[in-house]
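Chains as they are written, first to last, in UniProt numbering: chain A, 1 to 322; chain B, 1 to 322.
These notes are about the structure you will find just below.
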């Protein structure tokens with residue numbers, strides 16, 4: 001996948017100014033280019049929401065498996081899911097990148113292009129960043145969001161018994177995609193599994209779902225980044241409730257079953273402990289929140305923070321940095 | 001300098017949750033701990049200002065020369081100088097860190113403590129971050145600022161002929177400190193040069209100078225991060241003016257002269273191309289801006305973007321990432 005890039009100059013050859021100019025060409029912004037970025041004023045009562053995520057080569061992505069554009073996409077999704085999980089709307093992104101001097105320019109412009117493509121869907125802007133030499137490729141993205149109105153943000157500690165648990169997006173796809181990549185490599189994954197691989201390399205994220213959920217009765221939200229059970233456990237523990245998942249609502253679909261068959265693994269592992277789907281998970285008093293489906297209920301705190309059909313989950317281990 | 005830290009566990013031993021808990025202990029914040037940080041609402045008409053900087057071990061800092069606390073300090077100063085350079089007030093910081101699993105916990109808590117100590121001076125808060133394993137230590141800091149009022153921010157393109165050029169902070173000290181560290185190592189730098197070494201390892205930055213300058217007639221501002229001539233050239237080029245420096249106002253002081261004598265180098269190199277002082281540099285119609293001194297004038301655009309006593313500078317090369 002890297003051959004096409006060998007013709008472009010290296011970062012050392014083109015120099016810092018040249019690299020920055022190339023980034024600004026693929027991700028134009030009127031705000032970018034001063035010491036810091038000044039964002040436009042929101043309506044009165046608007047709060048600013050910020051989050052940051054760091055992606056390290058060969059840990060969070062592999063250039064054999066993902067194009068630079070996909071790495072940019074994924075970095076945006078990771079951060080924008082966190083912004084949405086507060087009930088806020090993403091408005092801006094900063095991109096800090098460390099890369100060896102021998103890195104091809106097209107890798108950097110590809111990441112920037114991927115970021116630009118993805119943030120366009122959210123009407124957000126790449127407003128600034130930093131570029132530095134280093135031994136490895138490390139991408140650090142900061143997202144800025146805007147939280148309007150006087151309602152509280154969607155926090156981890158506001159799930160209440162009686163609410164329904166809702167999800168927007170697939171669950172387990174990213175982890176299945178990763179296992180398929182490990183087994184087959186990007187170029188040889190059977191075509192029937194492309195959607196799973198794509199969920200890993202460039203996960204989907206619908207705009208405005210956090211805002212809509214907050215407007216229709218959601219109180220707690222997070223995204224499935226570390227694993228369904230891990231992330232729901234955080235909500236359950238912080239809110240002192242138990243989350244009871246409906247097994248029928250989360251059971252592996254035909255794609256996951258088929259992939260599990262080919263790989264000889266348990267598809268529930270992907271569903272329960274997979275992570276990196278960045279599916280939005282909320283608790284709400286509202287019904288039929290657009291884009292979401294019900295996957296469970298919030299009940300009074302019992303022995304386990306999260307149960308599936310009343311039983312403790314079979315897989316609980318999630319993604320860990322260390 | 002690292003012996004005292006050998007007793008603390010490694011990041012792998014304590015695990016991600018333990019590391020995060022330890023960070024939150026040294027840098028407590030009520031805002032930190034959700035998917036994203038929701039900042040408090042500013043007065044109406046307040047704009048949000050954001051900037052990011054990435055520090056790579058052995059490129060931006062060396063653990064032989066700097067304590068973890070000093071690395072935290074410097075990371076804050078780099079970012080807060082950029083916020084101030086817009087005329088804004090820093091209010092929050094995010095800290096993303098990549099470090100090998102064998103890294104000692106005390107390194108991470110030391111950096112966090114340094115960040116916390118420094119942002120306290122600005123009444124700012126460490127509101128979130130990310131932690132991930134990686135081959136090298138990479139620290140990525142994002143600062144958020146608040147820009148009040150309806151006046152425009154202090155941008156690079158608003159210097160005007162007739163203004164005076166003013167500076168807040170020392171010029172050339174950081175580069176001299178770096179050369180002294182290269183020559184002697186941290187533990188053997190002669191005591192008379194401690195102020196220069198400290199300017200490199202934990203550069204000073206006065207709070208509120210950007211706000212004060214904006215309130216008293218400044219229109220353009222930057223900080224001396226890449227080198228005096230490089231950074232003023234950016235203002236001069238973007239504003240289509242020439243900046244005429246007064247040599248008497250920037251000439252090397254007794255400390256720089258003495259260090260240059262010991263190292264057998266030209267102290268003007270530190271002053272003109274040193275960088276990393278994070279001294280605030282502004283152009284203003286105001287007089288006696290508190291904390292600043294006049295170092296030159298803005299005149300109509302001539303042949304050179306920056307002159308010293310009417311002549312082209314002898315040293316122009318600044319810090320480059322590539």
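Each residue gets a CB set at the ideal place from its N, CA and C atoms; glycine is no exception.
None of the values given here were measured: they were computed from a predicted structure.
Check: When we look at the beta-carbon of residue 64/A and count the other beta-carbons within 10 Å, is it buried (16 or more) or exposed?
Finding: Counted from its first residue, the first chain places residue 64/A at position 64. It is exposed - the Cβ of residue 64/A has fewer than 16 other Cβ atoms within 10 Å.
Item checked: Residue range of the beta strand (DSSP E) that includes residue 130/B -> Along the second chain, one-based indexing puts residue 130/B at 130. From DSSP, the beta strand (DSSP E) with residue 130/B extends over 125-133.
Note to self: Please list, in chain order, the chain A residues whose beta carbon lies closer than 7 angstroms to that of residue 135/B.
What the structure shows: As a position in the second chain, residue 135/B is number 135, starting the count at 1. Result: 135 and 136.
Notebook entry, point to check: Are the C-beta atoms of residue 211/B and some chain A residue less than 7 angstroms apart?
Noted result: Position 211 of the second chain holds residue 211/B. Taking Cβ atoms only, chain A never reaches closer than 7 angstroms to residue 211/B, which makes this a no.
Next item on the list: Can you pull the chain B residues whose beta carbon is under 7 angstroms from the beta carbon of residue 207/A, in chain order?
Entry: As a working note, residue 207/A is residue 207 in the first chain. Neighbours of residue 207/A on chain B: none; closest Cβ ~16 angstroms, over 7 angstroms.
Notebook entry, point to check: If you follow the beta strand (DSSP E) that residue 98/B is part of, which residue opens it and which one closes it?
Noted result: As a working mapping, residue 98/B is identified with position 98 in the second chain. Where residue 98/B is concerned, the enclosing beta strand (DSSP E) stretches over 89-99.
Margin query: Run through chain A and tell me which residues come within less than 8 angstroms of residue 49/B, C-beta to C-beta.
Written below: Translated into the one-based positions of the second chain, residue 49/B becomes position 49. Going along chain A in sequence order, the residues near residue 49/B (Cβ under 8 angstroms) are 36, 37, 38 and 39.
Item checked: Per-residue DSSP class, three states only, for residue 197/A -> Within the first chain, the letter at position 197 stands for residue 197/A. Secondary structure at residue 197/A: helix, using DSSP grouped into helix, strand and coil.
Checklist line | Residues in the stretch 9-27 of chain B having any Cβ partner in chain A nearer than 8 angstroms | finding: 11, 12, 14, 15, 16 and 19
Check: Could you give the distance in angstroms between the alpha-carbon of residue 283/A and the alpha-carbon of residue 209/A?
Finding: Within the first chain, numbered from 1, the residue matching residue 283/A stands at position 283. Within the first chain, numbered from 1, the residue matching residue 209/A stands at position 209. Straight-line Cα distance between these residues: approximately 13 angstroms.
Notebook entry, point to check: Which residues in the same chain as residue 82/B place their Cβ atom closer than 6 angstroms to its Cβ, once the five residues preceding and following it in sequence are excluded?
Noted result: Residue mapping note: residue 82/B aligns to position 82 of the second chain, counting from 1. Answer for residue 82/B: 51, listed in chain order.
Note to self: Is there a C-beta anywhere in chain B that falls below 7 angstroms from the one on residue 96/A?
What the structure shows: Counting from 1 along the first chain, the entry for residue 96/A is found at position 96. Yes, because at least one Cβ of chain B sits closer than 7 angstroms to the Cβ of residue 96/A.
Next item on the list: Spell out the partners DSSP gives residue 15/B in its beta bridges.
Entry: What you label residue 15/B is simply residue 15 of the second chain in a count that begins at 1. BP columns for residue 15/B are empty, so no partner.
Check: Does the distance from the CB of residue 38/B to the CB of residue 49/A come in under 7 angstroms?
Finding: Residue mapping note: residue 38/B aligns to position 38 of the second chain, counting from 1. Residue mapping note: residue 49/A aligns to position 49 of the first chain, counting from 1. Yes.
Next item on the list: State the CB to CB distance for the pair residue 108/A and residue 99/A, rounded to an integer number of angstroms; the pair is presumed to be in contact (CB under 8 angstroms).
Entry: Within the first chain, residue 108/A is the residue found at index 108, counting from 1. Within the first chain, residue 99/A is the residue found at index 99, counting from 1. Contact flag correct, Cβ pair sits at about 7 angstroms.
Notebook entry, point to check: Cβ of residue 62/A less than 7 angstroms from any chain B Cβ?
Noted result: Translated into positions along the first chain, residue 62/A becomes position 62. No, residue 62/A does not count as interfacial toward chain B.
Item checked: Three-state secondary structure assigned by DSSP to residue 20/B -> For the purposes of this step, residue 20/B is taken as the residue at position 20 of the second chain. Helix at residue 20/B.
Margin query: If we define contact as Cβ-Cβ less than 7 angstroms, is residue 3/B a contact residue for chain A?
Written below: For the purposes of this step, residue 3/B is identified with residue 3 of the second chain, where counting begins at 1. Unreliable positioning characterises residue 3/B in this predicted model, as indicated by a pLDDT of 45, which lies under 50. The coordinate reading is nonetheless provided below. Residue 3/B does not count as touching chain A.
Check: chain A partners of residue 223/B, CB-CB under 7 angstroms?
Finding: Here residue 223/B is taken as the residue at index 223 of the second chain, counted from 1. Residues of chain A passing the Cβ test: 35.
Next item on the list: Report the rounded CA-to-CA distance for residue 292/B versus residue 31/A, giving the unit in angstroms.
Entry: The sequence position of residue 292/B within the second chain is 292, counting from 1. The sequence position of residue 31/A within the first chain is 31, counting from 1. Rounded to whole angstroms, residue 292/B to residue 31/A spans 28 angstroms at the Cα level.
Check: For residue 205/A, which of 168/A, 187/A, 71/A and 105/A has the nearest alpha-carbon?
Finding: Numbered from 1 along the first chain, position 205 holds the residue referred to as residue 205/A. Minimum Cα distance to residue 205/A is reached at 168/A.
Notebook entry, point to check: Between the stretch 249-256 of chain A and the stretch 128-137 of chain A, do three or more beta carbon pairs fall short of 8 angstroms?
Noted result: no
Note to self: 7 angstroms is my cut-off, CB to CB: does residue 85/B come that close to chain A?
What the structure shows: Locating residue 85/B in the second chain gives position 85, where the first residue counts as 1. By this cut-off, residue 85/B is an interface position.
Notebook entry, point to check: Who are residue 168/B's beta bridge partners in DSSP?
Noted result: On the second chain, residue 168/B is found 168 positions in, with the first residue counted as 1. Bridge partners of residue 168/B: 280/B.
Check: Which two residues bound the contiguous beta strand (DSSP E) that contains residue 265/A?
Finding: Within the first chain, residue 265/A is the residue found at index 265, counting from 1. No residue range can be given for residue 265/A, since it is assigned to no beta strand (DSSP E) and is classified by DSSP as neither H nor E.
Checklist line | For residue 211/A, three-class secondary structure by DSSP | finding: Position 211 of the first chain, counted from the start, is the residue given in the question as residue 211/A. Here residue 211/A sits in helix by DSSP.
Check: Is residue 313/A near residue 243/A, with beta carbons less than 7 angstroms apart?
Finding: One-based indexing of the first chain puts residue 313/A at position 313. One-based indexing of the first chain puts residue 243/A at position 243. Between residue 313/A and residue 243/A, the C-beta gap is not smaller than 7 angstroms, which leaves the two residues out of contact.
Check: Do three or more CB pairs link the stretch 151-169 of chain A to the stretch 179-187 of chain A at distances below 8 angstroms?
Finding: No: fewer than three Cβ pairs fall under 8 angstroms.
Next item on the list: Could you tell me which residues DSSP puts in a beta bridge with residue 146/B?
Entry: One-based indexing of the second chain puts residue 146/B at position 146. For residue 146/B, which the question treats as bridged, DSSP gives the partners 48/B and 89/B.
Margin query: In this structure, how does DSSP classify residue 119/A when only helix, strand and coil are distinguished?
Written below: On the first chain, residue 119/A is found 119 positions in, with the first residue counted as 1. If DSSP states are grouped into helix, strand and coil, residue 119/A belongs with the helices.
Note to self: For residue 92/B and residue 263/B, what's the separation of their Cα atoms in angstroms?
What the structure shows: Stepping through the second chain from its first residue, residue 92/B is reached at position 92. Stepping through the second chain from its first residue, residue 263/B is reached at position 263. Taking the straight line joining both Cα atoms gives about 40 angstroms.
Next item on the list: Determine which residues of the stretch 167-191 of chain A have a Cβ less than 7 angstroms from any Cβ of chain B, and write them out in chain order.
Entry: none
Notebook entry, point to check: For chain B, is any of its Cβ atoms less than 7 angstroms away from the one on residue 267/A?
Noted result: Here residue 267/A is taken as the residue at index 267 of the first chain, counted from 1. Not an interface residue.
Check: Using Cβ-Cβ distances below 7 angstroms, what residues of the stretch 232-243 of chain B are close to chain A?
Finding: Per Cβ criterion, the list is empty.
Margin query: With three or more C-beta pairs closer than 8 angstroms as the rule, is the stretch 235-252 of chain B touching the stretch 291-308 of chain B?
Written below: yes
Check: Of all the options 112/B, 175/B, 113/B and 140/B, which has the alpha carbon lying nearest to the alpha carbon of residue 94/A?
Finding: Position 94 of the first chain, counting from 1, holds the residue named residue 94/A. Residue 94/A has its Cα closest to that of 140/B, out of 112/B, 175/B, 113/B and 140/B.
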